[in-house]
């Protein structure tokens, strides 16, 4: 019989904050680059095309003595039944015995680690003096991507929000985002008051909605795309020299957020080469013959280690294709399990 911990979303929110997640995700990228962590083949299955599907991302982190998986299901008709459309579950196991260490709700972890990737991309690939941040997409991931980028970059003065389907949604998001950011930084208020007040200053900037994506792109220093789009929302000719783009939305075959022509002259970085070309933003440009795996400058872990050169000049256009890898989930979940054990959070169960 083995004992493991079960954590729901409330439990996870009580012990997790963005600064730690960003450090953990960087560690995951570095472990991968150092070959002390690896991915297993991704599994995808459609129960009913366009209605219900699932995917499994899995891997191992030898450095942390764990392996595991995240299973995410999408059932599009669930909201009409009062059930979330997307449900994620993370399983962490001991690499030396194969016994389970914990089962965790995956939604909040996914939002945090996906958002963290956006900030990490900006940290290593954007110009340090960047002031204008454009968020394309105003869904669940956007607040987390904004927070991580504000944590990573010290000179952001304005955040512009664009929603391809509805200006009103972008406006509603813009009006409410500061309250959401206050909520996300609140864990620091008691644990690290001085850092909390630093963050308060960072979020006291301008947030505006736009329906002019061309102008917003032309003005942006950093662009984060976080949509389910299957057509390019950002055109090549709009992107100015020196811009950095972190692409978060493409995580399934056929998705595309930016013009494939950008891949002919930008410096391209990925979280995992194979996964990016299979389901990421790199897929469509590759299929259209715009670039190949040999044209990828480096995986982000190599850049963090200093083994891969990121931005070479202030005029470079850089793209980070962040498909989201299982190592991000596993390292974050393992961190949560350790804190939960110390604070006696969650429920213990036996198999």
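Numbering (the numbering used here), first residue to last: 15 to 365.
Backbone N, C-alpha and C fix where the C-beta goes; we use that ideal spot for every residue, glycine too.
The alpha-carbon of residue 140 is positioned some 20 Å away from that of residue 32. A direct Cα-to-Cα measurement between residue 217 and residue 248 gives close to 26 Å. Inter-residue distance for residue 157 and residue 267 is about 25 Å (C-alpha atoms, whole angstroms).
Residue 276 sits away from residue 292, with the two beta carbons spaced by 9 Å or more.
In the DSSP assignment, residue 309 falls outside any alpha helix (DSSP H) and carries neither an H nor an E. In the three-state scheme derived from DSSP, where H, G and I count as helix and E and B as strand, residue 244 is classed as strand.
Here DSSP, grouped into helix, strand and coil, assigns residue 218 to coil.
Taking each of 45, 38, 46 in turn and checking the Cα distance to residue 131, the smallest one comes out for 38. If you draw a straight line from the Cα of residue 123 to the Cα of residue 66, it comes to about 22 Å.
A Cβ-Cβ separation of about 27 Å leaves residue 262 out of contact with residue 76 under the 8 Å criterion.
Counting only the Cα atoms, residue 68 lies some 13 Å from residue 120. CA-CA distance, residue 161 to residue 331, rounds to 23 Å. When only Cα atoms are considered, residue 47 and residue 299 end up about 25 Å apart.
Taking C-beta separations shorter than 6 Å and ignoring five residues to either side along the sequence, the partners of residue 289 in its chain run 337, following chain order. For residue 343, no beta strand (DSSP E) segment is defined; the enclosing uninterrupted segment is the alpha helix (DSSP H) at 340-357. Within its own chain, the residues whose Cβ lies closer than 8 Å to the Cβ of residue 362, once the five positions on either side in sequence are excluded, are 17, 18, 19, 20, listed in chain order. In this structure, residue 178 sits near residue 151, with a CB-CB distance shorter than 9 Å. Assignment of residue 55 by DSSP, reduced to helix, strand and coil, places it in the coil class. In terms of CA proximity to residue 138, 314 leads the group 305, 314, 184. In the DSSP annotation of this structure, residue 144 is not part of any alpha helix (DSSP H), being labelled neither H nor E.
Linking residue 244 to residue 295 through their CA atoms gives a straight-line distance of about 10 Å.
The C-beta distance from residue 53 to residue 340 rounds to 6 Å, short enough to fall under 8 Å. Residue 149 and residue 364 have their C-alpha atoms spaced approximately 44 Å apart. The alpha-carbon of residue 49 is positioned some 21 Å away from that of residue 35.
Around the C-beta of residue 260, 16 or more other C-beta atoms lie within 10 Å, and the residue is accordingly described as buried. At the C-beta level, residue 283 and residue 240 stay beyond 9 Å of one another. Secondary structure at residue 295: coil, using DSSP grouped into helix, strand and coil. Our two residues, residue 113 and residue 126, have alpha carbons roughly 26 Å apart in a direct line. Residue 82 holds the alpha-carbon nearest to the alpha-carbon of residue 105 among 184, 98, 111, 82.
Buried is the label assigned to residue 335, since at least 16 other Cβ atoms lie within 10 Å of its Cβ.
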